Amino acid sequence: MFAEVRESPAVKQILDDLWDQGRTDLVERIEDCFDDIRERRASARQHHFRNTDLLPREAWGVVIADRGQRWMLVWNETEPGVATVHGIALTKTF
3 MFAEVRESPA
13 VKQILDDLWD
23 QGRTDLVERI
33 EDCFDDIRER
43 RASARQHHFR
53 NTDLLPREAW
63 GVVIADRGQR
73 WMLVWNETEP
83 GVATVHGIAL
93 TKTF
């Protein structure tokens, strides 16, 4: 179990924007994903990214579906016992 799941400032802003847009179901699914990350569940590791220029370490991706859209959440372990969610974006790739 991770002691903490942190959100980057960009992720905090996206969640606030989604909430303001009335996307409460999506925000709740994202928060459920944070719980999956905290518990180190396999569902939080759907896609594995290695050797990225954007992140200093390998990262994991989770696809979240809502209203016919697919969103990708990207996270990694940034220090022992701490996971950080770096981004959430609408995707057509995954």
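Residue numbers (the working numbering): 3 to 96.
For glycine and all other residues, C-beta sits at the position ideal for the given N, C-alpha and C.
Note that the coordinates shown come from a computational prediction; the quantities given were computed from them, not determined experimentally.
Residue burial classification, residue i (beta-carbon count within 10 angstroms, cutoff 16)
i   : result
G83 : exposed
W73 : buried
A85 : buried
L56 : exposed
A46 : buried
Residue interval of the beta strand (DSSP E) (run including residue i)
i   : result
L92 : V84 to T93
Residue i versus residue j: straight-line alpha-carbon distance, rounded
i   : j   : result
P11 : D34 : 19 Å
R40 : N53 : 23 Å
I90 : L28 : 11 Å
R59 : H49 : 14 Å
T80 : E6  : 11 Å
Coil, strand or helix - residue i by DSSP
i   : result
Q15 : helix
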